[in-house]
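Q: Provided herewith is a single structure, encoded as structure tokens, for subsequent inquiry.
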Ligand code: HXC
């Protein structure tokens, strides 16, 4: 579809990767309500497209997103935030079932950092800057910043090299300060698309189950998370793709996955 604040296109082999580029340059991709509803719609459209296996979300070289739109927020009241569900579009992004890879160049601040963190994987460019500066505006992170920042410190192994370590709430950190290099700015989006292609080559239902298991493990106590994982693993034996995957291995051929 035609969007005002984002560009939505298919990339990768056979168009298997949905690429969403935040495109509100002059405001450093500040996440106004219009942008967030378009983002929600574009991701949901790719999520239900059987030809797409993963999504990449990116911004410009200067800014992934500099946060929620401060001009738009300035006149808000508690009553309007609450009754119009100000952050409803943020919540919707966390319900996408396919993997979303954030390719972050430049500023990822406030709500921009939170949107990146709600993605499954972050590819960070060498000049990426992550931070939650809301405190300077007399408010605080509201889209998961506290929980996610905490989590990324605690659960480093889960994110591995793909997801860089973020600074504490209230500061703005560069990758240099976290002793990580970051990827070259110019090739960042292409590398993220390549990862998206690789993910798209796997069984879609198996990938969706992986995402579900990772999200459950993140929220449940260890024993419950392990139980949830085991049940999903057993469930995979009810899928055509599980049979196909193992059969193809034994027959030394490439598996032919079901579409969805
Ligand atoms: C609205 C913004 C904006 C934002 C930048 N702009 N960030 N507009 N909301 N979050 C606009 C500026 O007003 C300016 O518009 C233009 O983008 C360029 O920004 P400059 O400040 O001139 O650029 P620069 O000097 O390079 O500084 C870049 C910056 C700074 C350090 C990123 O813009 C900045 O501090 N932005 C705010 C970051 C922030 O506090 N984010 C958290 C927001 S609160 P004009 O018209 O003057 O050219 C939040 C809450 C989330 O996100 C709640 C839950 C999801």
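In the UniProt record's numbering, the protein residues as written are 35 to 294. Here a beta-carbon is modelled for each residue, glycine too, at the ideal position from N, C-alpha and C. A quick note: this is a predicted structure, and the numbers were derived from the prediction, not measured.
1) Quick check on residue 238: buried or exposed, where buried means 16 or more other Cβ atoms within 10 Å of its Cβ?
2) Quick check: what's the CA-CA separation for residue 88 versus residue 131?
3) Indicate whether residue 101 and residue 65 have their beta-carbon atoms separated by less than 8 Å.
4) Considering residue 236, what are the terminal residues of the alpha helix (DSSP H) in which it resides?
5) Are there three or more Cβ pairs, one per stretch, closer than 8 Å when the region 136-144 is compared with the region 218-227?
6) Give every residue of the same chain whose Cβ lies closer than 7 Å to the Cβ of residue 279, excluding the five residues on either side of it in the sequence, and list them in chain order.
7) Rounded to the nearest angstrom, how far is the Cβ of residue 162 from that of residue 140, given a contact under 8 Å?
8) Could you please give me the residues that DSSP links to residue 159 through a beta bridge?
9) Return the first residue and the last residue of the alpha helix (DSSP H) that residue 270 is part of.
10) The alpha helix (DSSP H) that contains residue 276, what's its start and end?
11) The ligand HXC heavy atoms versus the CB of residue 157: any closer than 7 Å?
12) Following a CB-centred definition, is residue 263 positioned closer than 7 Å to any heavy atom of the ligand HXC?
13) Should residue 116 be counted as a contact of the ligand HXC given a C-beta to heavy atom distance under 7 Å?
14) How big is the Cα-Cα spacing for residue 271 and residue 69?
15) Could you tell me whether the Cβ atoms of residue 76 and residue 90 are closer together than 8 Å?
16) Name the DSSP bridge partner or partners of residue 89?
17) With a cut-off of 8 Å, does the C-beta of residue 282 fall near any C-beta of chain C?
18) Could you check if residue 191 is buried or exposed, using at least 16 other CB atoms within 10 Å of its CB as the buried criterion?
19) Cutting at 7 Å between CB atoms, please list the residues of its own chain near residue 153, excluding the five before and the five after it.
A: Taking the definition as stated:
1) If you number the chain shown from 1, residue 238 lands on position 204. Buried.
2) The residue given as residue 88 occupies position 54 in the chain shown. The residue given as residue 131 occupies position 97 in the chain shown. Taking the straight line from one Cα to the other gives about 9 Å.
3) Numbered from its first residue, the chain shown carries residue 101 at position 67. Numbered from its first residue, the chain shown carries residue 65 at position 31. Going by C-beta atoms, residue 101 is nearer than 8 Å to residue 65.
4) Numbered from 1 along the chain shown, position 202 holds the residue referred to as residue 236. From DSSP, residue 236 is part of no alpha helix (DSSP H); its letter is neither H nor E.
5) yes
6) As a first step, residue 279 must be located in the chain shown, where it is residue number 245. 237, 289, listed in sequence order.
7) Sequence index remark: in the chain shown, residue 162 carries index 128 (1-based). Sequence index remark: in the chain shown, residue 140 carries index 106 (1-based). At roughly 7 Å, the Cβ-Cβ gap stays under 8 Å, so residue 162 and residue 140 are in contact.
8) Start at 1 with the first residue of the chain shown, and residue 159 comes out as number 125. Note: residue 159 sits in a beta bridge opposite 217.
9) In the chain shown, the residue the question calls residue 270 occupies position 236. It spans 256-270 - the alpha helix (DSSP H) in which residue 270 sits, taken as one unbroken run.
10) Translated into positions along the chain shown, residue 276 becomes position 242. Looking at the DSSP string, the run of the alpha helix (DSSP H) that includes residue 276 is 274-284.
11) Mapped onto the chain shown, residue 157 falls at position 123. No, the Cβ of residue 157 stays beyond 7 Å of every heavy atom of the ligand HXC.
12) What you label residue 263 is simply residue 229 of the chain shown in a count that begins at 1. It does not: the Cβ of residue 263 is nowhere closer than 7 Å to a heavy atom of the ligand HXC.
13) Position 82 of the chain shown holds residue 116. No, Cβ of residue 116 sits at least 7 Å from all heavy atoms of the ligand HXC.
14) As a first step, residue 271 is located in the chain shown; it is residue number 237 there, counting from the start. As a first step, residue 69 is located in the chain shown; it is residue number 35 there, counting from the start. Distance between the alpha carbons of residue 271 and residue 69: 40 Å.
15) The residue labelled residue 76 in the question sits at position 42 within the chain shown. The residue labelled residue 90 in the question sits at position 56 within the chain shown. Not in contact: residue 76 and residue 90 (Cβ atoms no closer than 8 Å).
16) Along the chain shown, one-based indexing puts residue 89 at 55. Answer is 52, 134.
17) Of the chains in the structure shown, none is chain C; there is only one protein chain.
18) Within the chain shown, the letter at position 157 stands for residue 191. Residue placement at residue 191 is flagged as unreliable, the pLDDT there being 34, under the threshold of 50; the coordinate-derived value follows with that caveat. It is exposed - the Cβ of residue 191 has fewer than 16 other Cβ atoms within 10 Å.
19) Taking the first residue of the chain shown as position 1, residue 153 is located at position 119. The answer, listed in chain order, is 91, 134, 135, 136.
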